[in-house]
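Notes to accompany the following structure.
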Amino acid sequence: MKKIAVLGFGVVGSGTVEVFYKNKEALEKKAGDELDIKYILEVRDCPDERYRDKFTKNFDEILNDPEICVVVEVIGGLKYSYGYVKSSLEAGKSVVTSNKELVAAKGAELLKIAREHNVNFFFEASVGGGIPIIRPLNQCLSANEINEIAGILNGTTNFILTKMIKEGMGFDEALKIAQELGYAERDPSADVEGLDTCRKICILASLAFGKHVYPDNIHTEGITKITLEDVKYCESMNSVIKLIGFASKRGDDIAVMTCPAVIYEDSQLAGVNDVFNAILVRGDATGDVVFYGKGAGKLPTASAVVSDIIVAAKSENSSKSMHWEDCGQDFIIPYKKLSNKFYVRAKADRKAVESIFGEVRFLSRDGAPDDECAFVTHPINEAEFEEKCSDLNVLGSLRVLEY
Ligand code: HSE
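If you use our numbering, the sequence shown closes out at 685, no skipped numbers anywhere.
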C-alpha cells in the first residue's frame, strides 16, 4: 500500500481527491499497488467535508510519517509551498505539484534535490491544466532539437478574450465568470497581467532548452490594454488577438516573451477559445506538434496531478525526474533586439504614419473616428519601433506573430 498526502484543499486539491477516489480501482491497477490518501493538509475547518477524517493542520505530521511516499502540493504560491516541497524531497518523499510559480522560481533547485535523494519531482499540472505537455516534451519528443514553443497558456485570459471578441462582453464581467468557474488565480492580476503565462513558458523553455529560464528576465505584457476597437481592426485582417507565450531558439540563444498578439486565422492557435489552451512545439524531426485541451479548472488540472501521482507511486526508489541547469541568463536575448511586425492604432493621419514607418498596410473598421488610423508595419526591431512610436500618438499596439 502506498500512502499519499495532499497539501491544500482548494480547487485543485479537492479535484485531485475527487478524481483519485472516483477512479481509485483503475489507478491502483495502473500503479501496480494499493494506494490511499492518508492526509489532507488544510488550514480551514471543513466539518461537513466527506474526507474530514484525513484533515490535518500540521505539516510535520506528514513529513515525519514514514508511510507517506508521495506528497502532492496544490497550495500554490511560494510562501508555504517551497519549504514543504523542499523538506518533503529531502525526507525522501516524491513530490507532485501543480504550482507553476514554484516550478518557475525553484525548479532547477528542486529537481536537483529530488535527484540527490533518489525521489521524483513531477509537475505535469503546472502547464496546460489537463493537457499532457511536460512528459511528452521530456520523453516523447526527446529525439528532437526543439526550435520553437508557442502557446496560449492561460485559460482565464483566453476565456476573457473569447467573451470580449465573440459576445462583446466587458472585461470585468468575463473575469468574474472565470473566477466563479475556478479558472483564475487567487490574485487574478497574475492571469490578466501575463505573469501566469510567463511562468508557464519559462517552465517549457527550461525543459526544452535545458537551462532554467527565470520569469524576472522575460518581457511580459498582459491583456488589460486590449480594446474592442483593436479586436475590430484585427477582424478586418482575418486575425484574432491571443495572449501568447513563446520561446524560440536563435543559434545558441533563445528569445522568450509573453504578450498579447495578433494571430492570423489560418494559424492552429487562432481557433483556440474559452478556457482551452494550445501549445505548439516545433521539433527538428517532427515539425509542428500541437497540444490542445482545457488549460484550467478543477478536474482537468486534477487529471494531470493524479497521473503524476501514479507515476510517482510506480517509481518509488528510482528518480525519473527531469533535469535542467541553473545558470546565468545571458543566453536570453534582450527583447529590444527582437524583430516583429506590429499592429498599431494611433491618432494620426496616413501621411504622418508613412513618413515615420515607410510603407505600411492600413486597416479599417466601421465607425472609426476620422483622426484614427490603424496599420501593420513591416518587420521592425523592438527598440526602433518604440523610438518611432514616440513621434506618434499611439492608442494601442500589438505584435503580429505568425505560427
Ligand atoms: N489561472 C490559470 C489559468 C490556472 O487561468 O490558466 C491554470 O494554470
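Glycine residues also receive a C-beta, built at the ideal position from the N, C-alpha and C atoms.
* Can you say whether R332 is buried or exposed, counting buried as having 16 or more other CB atoms within 10 angstroms of its CB? => Position 50 of the sequence shown, counting from 1, holds the residue named residue 332. Taking a 10 Å sphere around the C-beta of R332, we find fewer than 16 other C-beta atoms and assign the residue as exposed.
* To do: With a threshold of 7 Å, establish whether the CB of A466 neighbours any heavy atom of the ligand HSE.
  => The residue labelled residue 466 in the question sits at position 184 within the sequence shown. Checking every heavy atom of the ligand HSE against the Cβ of A466, one is found closer than 7 Å.
* Is D478 near the ligand GTP, in the sense that its beta carbon is under 7 Å from a heavy atom of that ligand? -> Inclusion of the ligand GTP in the displayed structure is not the case, the ligand content consisting of the ligand HSE alone.
* Asked: Who are the Cβ neighbours of V401 in its own chain at under 7 Å, not counting the five residues just before and after it?
  -> Numbered from 1 along the sequence shown, position 119 holds the residue referred to as residue 401. Taken in chain order, the residues that qualify are L371, G374, K375, S376 and S601.
* **Backbone CA spacing between I434 and P661 [nearest angstrom]** => For this step, residue 434 is matched to residue 152 along the sequence shown. For this step, residue 661 is matched to residue 379 along the sequence shown. Distance between the alpha carbons of I434 and P661: 23 Å.
* Taking 7 Å as the line, does the beta carbon of K382 fall inside it for any heavy atom of the ligand HSE? -> Numbered from its first residue, the sequence shown carries residue 382 at position 100. Indeed, a heavy atom of the ligand HSE lies less than 7 Å from the Cβ.
* **Beta-carbon proximity of V554 to L486, cut-off 8 Å** => Your numbering for residue 554 matches position 272 in the sequence shown. Your numbering for residue 486 matches position 204 in the sequence shown. No; because the gap between Cβ atoms is not below 8 Å, this pair is not in contact.
* What are the start and end residues of each continuous alpha helix (DSSP H) run of 4 or more residues lying completely inside the region 436–508, in chain order? -> Counting only runs of 4 or more, we get 437–449, 453–462, 471–474 and 477–491.
* Please go through the same chain and pick out, in chain order, the residues whose beta-carbon is closer than 7 Å to the beta-carbon of K285, but skip the five residues on each side of it. => Along the sequence shown, one-based indexing puts residue 285 at 3. Cβ within range, chain order: D318, K320, E349, I350 and C351.
* Asked: Does the Cβ of E383 have 16 or more other Cβ atoms within 10 Å, making it buried, or fewer, making it exposed?
  -> Taking the sequence shown and counting its residues from 1, the one referred to as residue 383 is at position 101. It is buried - the Cβ of E383 has at least 16 other Cβ atoms within 10 Å.
* Beta-carbon of E427 versus every beta-carbon of chain D: anything under 8 Å? -> Absence of chain D from the displayed structure is noted, only one protein chain being present.
* **Contact set for S488: own chain, Cβ-Cβ below 7 Å, skip 5 residues either direction** => Here residue 488 corresponds to residue number 206 of the sequence shown, with the count starting at 1. Only G389, H494, V495 and W606 meet the Cβ criterion.
* Asked: Sorted by chain position, which residues of the same chain lie with C-beta nearer than 6 Å to S679's C-beta, five sequence neighbours on each side aside?
  -> Residue 679 sits at position 397 when you count from the first residue of the sequence shown. Setting aside the 5 residues that flank it on each side, S679 is surrounded in the same chain by F624 and V626, each with a C-beta closer than 6 Å to its C-beta; the list follows chain order.
* To do: May I ask whether a heavy atom of the ligand HSE can be found less than 7 Å away from the beta carbon of N400?
  => Locating residue 400 in the sequence shown gives position 118, where the first residue counts as 1. Not so, every heavy atom of the ligand HSE lies at least 7 Å from the Cβ.
* Less than 8 Å separating the beta-carbons of T444 and D556? -> If you number the sequence shown from 1, residue 444 lands on position 162. If you number the sequence shown from 1, residue 556 lands on position 274. Going by beta carbons, T444 and D556 fall inside the 8 Å limit.
* Is F657 buried or exposed, if buried means 16 or more other CB atoms sit within 10 Å of its CB? -> For the purposes of this step, residue 657 is taken as residue 375 along the sequence shown, with counting starting at 1. Buried.
* Asked: Can you name the residues that DSSP bridges to E645?
  -> On the sequence shown, residue 645 is found 363 positions in, with the first residue counted as 1. Per the sequence shown, residue 645 should be read as Leu rather than Glu. Per DSSP, A656.
* Asked: Identify the residues that DSSP records as bridge partners of R564: which are they?
  -> Along the sequence shown, read from residue 1 onward, the residue named residue 564 stands at position 282. For R564, which the question treats as bridged, DSSP gives the partners E430 and D570.
* Asked: When every heavy atom of the ligand HSE is checked, does at least one fall within less than 7 Å of the C-beta of T438?
  -> Here residue 438 is taken as the residue at index 156 of the sequence shown, counted from 1. Flag set: Cβ of T438 near the ligand HSE.
* Those residues which DSSP pairs with R532 across a bridge -> Looking up residue 532 in the sequence shown gives position 250. For R532, which the question treats as bridged, DSSP gives the partners D535.
* Proximity to L463 [Cα-Cα], best of E654, K576 and I638 -> Indexing the sequence shown from 1 puts residue 463 at position 181. Per the C-alpha coordinates, the member of E654, K576 and I638 positioned closest to L463 is K576.
* Confirm the yes/no value for this check: CB of A578, any heavy atom of the ligand HSE, distance under 7 Å. => For the purposes of this step, residue 578 is taken as the residue at position 296 of the sequence shown. For the ligand HSE, at least one heavy atom lies less than 7 Å from the Cβ of A578.
* Asked: Sorted by chain position, which residues of the same chain lie with C-beta nearer than 8 Å to Q611's C-beta, five sequence neighbours on each side aside?
  -> Locating residue 611 in the sequence shown gives position 329, counting from the first residue. Once the five neighbours on either side are set aside, the close Cβ partners of Q611 are V495, Y496 and N499.
* Asked: What residue ranges within the region 359–425 form continuous alpha helix (DSSP H) runs of no fewer than 4 residues, ordered along the chain?
  -> 363–372 and 382–398
* Asked: Do T506 and E475 have their C-beta atoms within less than 8 Å of each other?
  -> Locating residue 506 in the sequence shown gives position 224, counting from the first residue. Locating residue 475 in the sequence shown gives position 193, counting from the first residue. Yes; because the gap between Cβ atoms is below 8 Å, this pair is in contact.
* Asked: Does the distance from the CB of K531 to the CB of I614 come in under 8 Å?
  -> Against the sequence shown, residue 531 aligns to sequence position 249. Against the sequence shown, residue 614 aligns to sequence position 332. Contact flag unset, no.
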